[in-house]
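Asks: Structure incoming, see below.
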Amino acid sequence: MEGILDMDGPGARLSNLGNRLHLCFTAENTDPTVDQGQHMNLNFRMGAMLLAEYIGRTVRGQIPDEYEVYEMVEGEESELPKVVLVMQLNSFYETLGFDDTFYGTDAMFMTPPLVHPNEVLDGAVCSGSICIAGQRAYTYDYQNYPMIKRLYREHGRTLNFAGVIFAIVGPTLDKKERGAIRVAETAKLLGCDAALVVQPADGNGDIDLFKMIKNLEAKGIKTVAVGDENSGMDGRTYPTKAMLDPCCDAYVSCGMTCQVYELPPMERIIGDLESVMRDPYPGTWAENATYGPSLREDGSLVVDTHVIIGNNGAFGWSRKTCKDF
Amino acid sequence: MKKVVYYMNQFYGGIGGEDKAGCEPFIQDTLTGPGTALNGQLNGGTITHTIVCGDDYMNEHPEEAVEKISGFLKGIEFDLFIAGPAFFAGRYGVNCGRICKYVQEKFQVPAFTCMYEEAPGVEMFRRDVYILRCGNSAAAMRKALKSMSAFANKFLNGEEILWADAEGYFSRGIRQQIILPEDQTADNRAVDMLLKKIHGEPFQTEMPIEMPERAPVPPAVRDMSSARVAFVSTGGIVPIGNPDKIKTAAAISFATYEYPEDGVMRPGEWESIHGGYDQKYADANPMTHIPADALRRAEREGKMGWLLPYYFSTTGNLTSLTNAVKMAKEIGDRLREENIQAVILGSA
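Which chain is which? The protein sequence lines are A and B, in order.
The first sequence runs 14 to 338 under our numbering.
The second sequence runs 404 to 751 under our numbering.
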């Protein structure tokens with residue numbers, strides 16, 4: 014995708030994906046007149062997905078060495094507070110092929126549905142992961158969603174895990190409002206006392222997020238939001254999100270969307286480093302008054318966290334937060 | 404051994420009190436006042452020079468004062484510049500902030516000071532330099548020197564400066580990402596916070612949200628043809644020479660100016676002193692900001708009942724919310740005295 018994954022340098026600690034094994038798919042268009050840019054390149058995306066499917070088929074029917082079992086026993090009632098997990102999906106690309114999909118359907122077409130957490134872990138959601146590498150949930154994230162596993166661990170002990178509601182990033186204001194109403198109505202109908210709302214990307218999705226929090230709190234559902242912050246490269250932009258509202262008194266900050274890092278030259282690089290200059294991705298630049306170009310002569314990089322694959326980590330991975338300096 | 408230069412006012416420098424506040428800056432290579440105690444707590448460095456300057460002198464001649472101090476510093480090597488503690492002092496605190504900012508920018512050497520949270524120097528300089536927190540009077544000297552020496556030692560030994568609450572300085576308004584210990588992942592933090600919120604236990608959000616106080620929207624003016632109207636501008640248009648010395652940025656004051664008799668504000672008589680935009684268009688035609696002619700015409704044509712014959716002027720760039728609210732309240736009082744029903748607010 015259109016990002017950088019540092020597996021050895023100072024960027025490795027920023028993302029949960031930094032220390033995992035990866036199988037990389039690289040390709041070039043055979044027709045050189047076709048734009049080689051990565052952005053919205055459907056051929057590359059389709060190629061990577063076909064490869065993933067092929068790899069998946071090779072283990073079909075086999076028993077994994079390790080597996081985890083998560084279940085919700087029906088009719089299991091207790092006095093513990095009822096908690097719902099609200100997950101915002103990537104759902105605002107009106108061109109098809111770039112949003113998250115739920116059972117293969119583009120998330121843009123859905124009004125927030127109620128979902129069993131195991132549907133998420135079992136692979137009903139596939140990531141669209143377009144454009145901003147640092148602010149997307151990847152398919153791996155959905156299938157291993159730490160927040161779901163953590164709520165399962167608490168289930169029956171400190172709380173009742175009531176289920177998952179998918180929230181959207183509405184491409185228009187009416188869809189944002191509709192989505193926020195639907196999330197709160199569903200949570201109330203479930204009889205929830207509290208909600209955890211997870212946001213993988215900032216920007217216009219902040220509006221959906223805060224409208225949701227407002228509606229949930231208005232129905233007496235105590236809400237904690239989990240997401241990142243954007244204070245600009247100098248750290249001095251306020252407000253830190255496109256929409257803020259004091260109704261959100263509990264926010265777990267997973268990091269800064271545009272924290273600048275220097276990445277030293279690496280011996281081994283997979284992919285096309287020059288593309289950083291050719292098609293500057295979010296988080297890289299051909300020129301900058303303060304930092305100079307993102308790619309330097311010695312192969313070192315100066316980038317911001319938009320480009321770090323998996324920087325956000327709001328699904329539970331993130332070990333980062335933001336502080337005032 | 405790294406070298407530290409220490410700045411203080413005439414009082415702590417042992418020259419005298421208010422009667423000596425006009426004292427020009429001087430430098431000495433000996434310790435004085437709180438310098439002895441501070442130096443004793445430093446490790447990895449030592450105070451090599453002390454600069455003393457009268458509060459009034461720097462306050463009344465800021466440029467001359469920093470120039471003179473700059474002259475002293477050009478001749479010596481140093482690695483850190485410390486000023487204060489100024490506690491709740493007005494002039495002394497502002498002077499500490501001013502000289503730290505200057506030294507840091509000019510010599511590219513870290514500089515910090517120490518003040519009480521309500522001292523005016525805090526709001527003026529906390530975005531530019533580290534200002535440690537301390538008590539409001541010299542009774543808190545021992546504690547202040549302790550935190551100042553601990554902070555200084557971090558610079559002297561090349562240690563990382565942590566966030567504002569961890570170090571005890573006023574936030575410089577910079578938000579940054581940090582990496583937490585391994586067990587503090589977002590899922591753990593979120594579930595902990597949620598359980599506390601459910602059970603009504605205290606918890607701390609990781610992203611405080613401060614919303615500006617909202618001014619209520621007044622009811623609409625029913626009949627403009629009989630309304631008394633005033634014009635208020637943050638565009639920075641003033642008579643040539645800026646007689647009221649309104650600041651070009653981060654304004655703390657406003658002034659009122661009468662429209663010319665014929666209702667035309669001409670270039671050469673008026674100018675823009677707003678530091679946040681290219682002033683050449685406003686200088687060429689001040690009425691891009693203060694539409695005196697249009698206002699007079701609207702009054703003549705009966706579109707408004709009466710125009711207050713003067714306008715309010717200040718600059719709106721980088722003006723702190725505190726100062727903006729203070730000015731707005733003062734202007735509001737004046738408008739009420741004039742029994743104004745409608746205000747046109749022109750920005751830059």
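We put the beta carbon where it would ideally sit given N, CA and C, even for glycine.
As the structure is a computational prediction, the values presented were derived from the model and not from experiment.
Taking just the CA atoms, how far does L441 of chain B sit from A424 of chain B?
Replies: Taking the first residue of the second sequence as 1, we reach residue 424 of chain B at position 21. Taking the first residue of the second sequence as 1, we reach residue 441 of chain B at position 38. Looking at the two C-alpha atoms, the distance is approximately 23 Å.
Asks: Starting from G546 of chain B, trace the alpha helix (DSSP H) in both directions and tell me its first and last residue.
Replies: The sequence position of residue 546 of chain B within the second sequence is 143, counting from 1. Reading off the sequence, residue 546 of chain B comes out as Lys, not Gly. 544-559 is the span of the alpha helix (DSSP H), which, as asked, contains K546 of chain B.
Asks: Around the C-beta of N325 of chain A, are 16 or more other C-beta atoms found within 10 angstroms, so that it is buried, or is it exposed?
Replies: On the first sequence, residue 325 of chain A is found 312 positions in, with the first residue counted as 1. Its Cβ being crowded by 16 or more others within 10 Å, N325 of chain A is buried.
Asks: What's the gap between the Cα of F174 of chain A and the Cα of V96 of chain A?
Replies: Taking the first residue of the first sequence as position 1, residue 174 of chain A is located at position 161. Taking the first residue of the first sequence as position 1, residue 96 of chain A is located at position 83. The straight-line gap from Cα to Cα measures roughly 5 Å.
Asks: Taking contact to mean at least 3 C-beta pairs separated by less than 8 Å, is the region 627-637 of chain B in contact with the region 198-216 of chain A?
Replies: In short, these stretches do not touch, since the Cβ pair count stays below three.
Asks: Give a yes or no on whether 9 Å exceeds the smallest Cβ distance from V320 of chain A to chain B.
Replies: Numbered from 1 along the first sequence, position 307 holds the residue referred to as residue 320 of chain A. No - not a single Cβ of chain B is within 9 Å of the one on V320 of chain A.
Asks: Would you call H35 of chain A buried or exposed, if buried means 16 or more other Cβ atoms sit within 10 Å of its Cβ?
Replies: The sequence position of residue 35 of chain A within the first sequence is 22, counting from 1. It is exposed - the Cβ of H35 of chain A has fewer than 16 other Cβ atoms within 10 Å.
Asks: Is the region 666-682 of chain B in contact with the region 638-651 of chain B, if contact means three or more CB pairs nearer than 8 Å?
Replies: Contact holds: three or more Cβ-Cβ distances are below 8 Å.
Asks: Go to G176 of chain A, then tell me how far its beta strand (DSSP E) extends in each direction, as first and last residue.
Replies: As a position in the first sequence, residue 176 of chain A is number 163, starting the count at 1. Per DSSP, G176 of chain A belongs to the beta strand (DSSP E) from 173-180.
Asks: Report the residue from A:Q101, A:K224, A:D112 whose alpha carbon sits nearest the alpha carbon of P125 of chain A.
Replies: As a position in the first sequence, residue 125 of chain A is number 112, starting the count at 1. Of the candidates A:Q101, A:K224, A:D112, the one whose C-alpha sits nearest the C-alpha of P125 of chain A is A:Q101.
Asks: Closer than 8 Å between beta carbons: that is the criterion. Which residues of the region 162-174 of chain A meet it against chain B?
Replies: Result list: K162, R163, L164, E167, T171, L172.
Asks: Going along the chain, which unbroken runs of the beta strand (DSSP E) with 3 or more residues stay wholly within the region 425-511 of chain B?
Replies: DSSP runs (the beta strand (DSSP E)) wholly in the region 425-511 of chain B: 429-431, 448-456, 483-486.
Asks: Note down the Cα distance separating L98 of chain A from P694 of chain B, rounded to an integer number of angstroms.
Replies: Taking the first residue of the first sequence as 1, we reach residue 98 of chain A at position 85. Taking the first residue of the second sequence as 1, we reach residue 694 of chain B at position 291. Straight-line Cα distance between these residues: approximately 55 Å.
Asks: What is the C-beta distance between V407 of chain B and L476 of chain B, in whole angstroms, given that I count them as a contact (C-beta under 8 Å)?
Replies: Along the second sequence, one-based indexing puts residue 407 of chain B at 4. Along the second sequence, one-based indexing puts residue 476 of chain B at 73. That pair is no contact at about 12 Å.
Asks: First and last residue of the beta strand (DSSP E) that includes V532 of chain B?
Replies: In the second sequence, counting from the first residue as 1, residue 532 of chain B sits at position 129. Counting along the chain, V532 of chain B falls outside any beta strand (DSSP E), and DSSP gives it neither H nor E.
Asks: For the alpha helix (DSSP H) holding R699 of chain B, just list the boundary residues, first then last.
Replies: Within the second sequence, residue 699 of chain B is the residue found at index 296, counting from 1. 695-703 is the extent of the alpha helix (DSSP H) around R699 of chain B.
Asks: Below 9 Å between beta carbons: does that hold for A653 of chain B and N720 of chain B?
Replies: Working through the second sequence from its first residue, we reach residue 653 of chain B at position 250. Working through the second sequence from its first residue, we reach residue 720 of chain B at position 317. Yes, the pair counts as a contact, with Cβ atoms nearer than the cut-off.
Asks: Between B:V497, B:E508, B:K509, which has its C-alpha nearest E521 of chain B's C-alpha?
Replies: In the second sequence, counting from the first residue as 1, residue 521 of chain B sits at position 118. Selected option, being the one with the closest Cα: B:V497.
Asks: Can you tell me whether DSSP reads G60 of chain A as helix, strand or coil?
Replies: The count along the first sequence starts at 1 and reaches residue 60 of chain A at position 47. Helix at G60 of chain A.
Asks: Chain A partners of G576 of chain B, CB-CB under 7 Å?
Replies: Residue mapping note: residue 576 of chain B aligns to position 173 of the second sequence, counting from 1. Chain A residues near G576 of chain B: R249.
Asks: Kindly give me the distance between the Cβ atoms of Y755 of chain B and R536 of chain B, rounded to whole angstroms, as I take these residues to be in contact under 8 Å.
Replies: Because chain B is modelled from 404 through 751, residue 755 of chain B falls outside the range shown and cannot be assessed.
Asks: State the Cα-Cα distance for the pair Y80 of chain A and Y151 of chain A, rounded to the nearest angstrom.
Replies: Here residue 80 of chain A corresponds to residue number 67 of the first sequence, with the count starting at 1. Here residue 151 of chain A corresponds to residue number 138 of the first sequence, with the count starting at 1. Their backbone Cα atoms lie some 20 Å apart in a straight line.
Asks: What does the alpha-carbon distance come out to for the pair A180 of chain A and C37 of chain A?
Replies: As a position in the first sequence, residue 180 of chain A is number 167, starting the count at 1. As a position in the first sequence, residue 37 of chain A is number 24, starting the count at 1. Straight-line Cα distance between these residues: approximately 30 Å.
Asks: Can you list the residues of chain B that R332 of chain A reaches, using a CB-CB cut of under 9 Å?
Replies: In the first sequence, residue 332 of chain A corresponds to position 319, counting from 1. Neighbours of R332 of chain A on chain B, chain order: I582, L583, P584, E585, D586, Q587, T588, A589.
Asks: Leaving out the 5 sequence neighbours to the left and right, which residues in its chain are closer than 7 Å to F510 of chain B when beta-carbon positions are compared?
Replies: Taking the second sequence and counting its residues from 1, the one referred to as residue 510 of chain B is at position 107. L476, listed in sequence order.
Asks: Let me check one thing: in DSSP terms, what residues is V210 of chain A bridge-paired to?
Replies: Residue 210 of chain A sits at position 197 when you count from the first residue of the first sequence. V210 of chain A is bridged to A:V99, A:A238.
Asks: DSSP on R170 of chain A, reduced to helix/strand/coil?
Replies: One-based indexing of the first sequence puts residue 170 of chain A at position 157. Residue state, collapsed to three classes: coil.
Asks: Name the chain B residues that come within less than 8 Å of S28 of chain A, Cβ to Cβ?
Replies: Translated into the one-based positions of the first sequence, residue 28 of chain A becomes position 15. Ordered by position in chain B, no residue passes the 8 Å Cβ test against S28 of chain A, which lies about 11 Å from the chain.
Asks: Return no unless some Cβ of chain B is closer than 9 Å to the Cβ of M160 of chain A.
Replies: Position 147 of the first sequence holds residue 160 of chain A. Yes, M160 of chain A lies at the interface with chain B (some Cβ there is under 9 Å from its Cβ).
Asks: Identify every run of the beta strand (DSSP E) within the region 269-334 of chain A, keeping only runs that are complete inside it and at least 3 residues long; order them along the chain.
Replies: As far as the region 269-334 of chain A is concerned, its whole beta strand (DSSP E) runs of at least 3 residues are 273-276, 314-317.
Asks: Under 8 Å: does the beta carbon of K729 of chain B sit that close to some heavy atom of the ligand COA?
Replies: Within the structure as shown, the ligand COA is missing, as the structure has no ligands at all.
Asks: Verify whether the separation of the beta carbon atoms of M279 of chain A and S307 of chain A is less than 9 Å.
Replies: As a first step, residue 279 of chain A is located in the first sequence; it is residue number 266 there, counting from the start. As a first step, residue 307 of chain A is located in the first sequence; it is residue number 294 there, counting from the start. No, the Cβ-Cβ distance between M279 of chain A and S307 of chain A is not below 9 Å.
Asks: Starting from K600 of chain B, find everything on chain A with Cβ-Cβ shorter than 9 Å and list it in chain order.
Replies: The residue given as residue 600 of chain B occupies position 197 in the second sequence. Under the 9 Å cutoff, chain A gives A207, K235, T236, V237, D262, A263.
Asks: Would the beta-carbon of F490 of chain B fall within 9 Å of that of A541 of chain B?
Replies: For this step, residue 490 of chain B is matched to residue 87 along the second sequence. For this step, residue 541 of chain B is matched to residue 138 along the second sequence. For F490 of chain B and A541 of chain B, yes; Cβs fall inside 9 Å.
Asks: From what residue to what residue does the beta strand (DSSP E) around I145 of chain A run?
Replies: Counted from its first residue, the first sequence places residue 145 of chain A at position 132. Where I145 of chain A is concerned, there is no enclosing beta strand (DSSP E), given that its DSSP letter is neither H nor E.
Asks: Given this structure, state the Cα-to-Cα distance separating F328 of chain A from V138 of chain A, to the nearest angstrom.
Replies: Against the first sequence, residue 328 of chain A aligns to sequence position 315. Against the first sequence, residue 138 of chain A aligns to sequence position 125. So the two alpha carbons sit approximately 14 Å from each other.
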